[in-house]
Structure formats: C-alpha cells, structure tokens
Amino acid sequence: MNTFQLSCFLAVAEYLNFAQAAQQLHVTHPAVSQQIQSLEKELNVKLFQRTTRSVKLTEEGKIFLRDAQQIVAISERAKKRYTGAIAGNIETLSLGCSSFPCMFLLSDTLQMLRTLRPGLHPRLQVIPFQHIYRMLEDGDLDAIVGLKESSNMKIHALYKEVTKVPMVCICSCSHPLSRQKEISMNELKEERLVIFLPQKGALTISHLQGQLIGDRPPSEFYFCESAEAITVLVTAEYGVSVLPDFLVPDTPMISKIPLKDTEPVSFGVYYKSLQGNQSLKLFIQCAKEAFA
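In the numbering used here, the protein residues as written are 898 to 1189.
See below:
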C-alpha cells in the first residue's frame, strides 16, 4: 500500500468515475484502474461496485475511506513540514543531565539563551550516569551538565566550571539534627544513611558517602538510585543523607544543614569541542551569568 494507491482510491471515491479521477490525478484511466485493483488485492476486499453505467463504494470501501483520508493527510502534513529552505536547517543543542533536579536548574540559562538565539531547539535528556559520558563521546550529545567528576575517572571531554555547589546534610524537619545551623561529618557517623547505590551517583558524591559508610554493616544504609528517591526516604525518616545542595528540593518537610569541613563541588559543562558550535558557547556563557 502506498500513497499513490490511496490517492487514486480517494479520487475515484470522490468522483465515482474512473475517467474523471484519472484526469484529476493527471494519469491514464488504466493506471487508476490498476492501482485500485492492486489495493483491493492487498486488502482482500472489493472497494467499488463497478458496472458499465455506475461506480459505487462498497460497505468495505466506505469503511476504508476514513483510513485512506487519514493516511494521506498524515503523509501530506509530513511533506509540508520539510518544505522550503528553512525547514531543513533546524539548529539543535542536545544537553544531557544525570538527574531531573539538575535539569530543572537550566530554566534561567535556557531563557537567556532563547533571547540570544530564538531559533534554537534545545533537546534535554535525563540519562543514567553509567551511559551519559559514552553518549557524549559518540556524538549523541553536545554537552553534559552536572557535577565535575573525580580526576580518577577518565572522561574524554573538556570541562568548564559554571559554579560551586555546597554539600549539605538533609534530614526530616522533625529530626534532632534539623535544629543545628551546621554539622560535621563526625556527627553523622552514628546516623542511619540514605545514599546512592555506588554505581548510580557521581564519584564526587560517592567518595563523601564512602567516608560515612566506613566499616558499618549494610543494615544501617538505605540505597537509592536517584536523588528523588533519597529525598523521599529522608522525608519518611529512614535516615539522613549528604548531597550537593541543588539536588535537594526546597520543601518544609526537609531541613538542609551546611556540612562543615567539606569543599563545595564543582558544577559545570562537559563537552568535546566548542569549535563550530556557537550555540554551545552561548549556552555556557548564559549558564555562568545565570548561576552567578
């Protein structure tokens, strides 16, 4: 089945005359008849009742009429979408994040970028941590927005810092720690912890969580695959956690307490090259301004 067959069917259904349908389509009468016969053979039904005096739609033809109209309309719409010189020149910027909270931080940056480059089409993806850098290397992403990884992790990309993010301890608002203005890592060593699975979090976070784990038994930890899951369990008072501030939603059910003696983590953009990618250059500039 192809759109020319369907166009022949629709023309005959409109005029109920093969000669007029052929004239409308600028083809020969036999060509229309051949297309209709081929379509009927494929569908295994008769679409028209034909005599020497008249042509009528069969019941099957009436049912198929709506399907044919929709298929041809979709085909025509697809053609129009890519008609003209501008249609094929859509400029895109593919950005990957390893978490939804990270993506939500990009609103102000993208608003500034839209003003500078209104024709740009950003494409945002949340991608599991274990796959995201491979996608950048393969060219499926223009850039990754997130935390700077440990130097021990071999990433074949350049990195541009946008801002520094402080680490915080999060606990439920009813937890005794919630009343403190700041807290040290030593004060958390007796607390039950809600943390990332080792392979799910960035190495900068995993290293800090590893310090808290020490030699304690697994029964004292609750492992999660996302910051959102960690937040839910902390809210439900399963334990406390340590995360970069931006990964924690602002909610009255959770307290965020600054961590003493911990360095803020670097937040920025990984990319392979800025050469020939003006949109990515502008994105990084806008990000620096937005986070400043």
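Even for Gly, the Cβ is constructed at its ideal location relative to N, Cα and C.
Exposure of residue i, with buried meaning 16 or more beta-carbon neighbours within 10 Å
i	result
Cys1066	buried
Tyr1168	buried
Cys999	buried
Pro1235	Residue 1235 lies beyond the residue range present for the chain, which begins at 898 and ends at 1189; the question has no answer from this structure.
Thr989	exposed
Asp1039	buried
Ala982	Residue confidence for Ala982 is low, a pLDDT of 46 falling below 50, so the modelled location carries little weight; the figure read from the coordinates is stated next. The residue is exposed, with fewer than 16 neighbouring Cβ atoms inside 10 Å.
Collapsed DSSP secondary structure at residue i in the structure displayed
i	result
Pro1025	coil
Leu922	helix
Cys1070	coil
Ala1184	helix
Pro927	helix
Pro1155	strand
Gln967	helix
Gln1172	coil
Gly1043	strand
Leu1140	strand
Asn914	coil
Val909	helix
Cβ distance (whole Å) where residue i is taken to contact residue j below 8 Å
i	j	result
Val1091	Phe1164	Not a contact, Cβ separation roughly 22 Å.
Leu992	Pro1019	6 Å
Cys1070	Ile971	Contact doesn't hold; Cβ gap of about 53 Å is too wide.
Asn914	Val952	6 Å
Ile1110	Phe1118	7 Å
Val1139	Leu1156	6 Å
Beta-ladder partner(s) of residue i, from DSSP
i	result
Thr1060	Phe1164
Tyr1119	Val1091
Phe945	Leu954
Ile1080	Leu1156
His1053	According to DSSP, which records beta bridges pairwise, His1053 is partnered with nothing at all.
His1104	Looking at the DSSP assignment, His1104 forms no beta bridge with any residue, so it has no partner.
Span of the beta strand (DSSP E), counted from its first residue to its last, around residue i
i	result
Cys994	989-994
Lys953	952-954
Residue interval of the alpha helix (DSSP H) (run including residue i)
i	result
Gln1008	1004-1013
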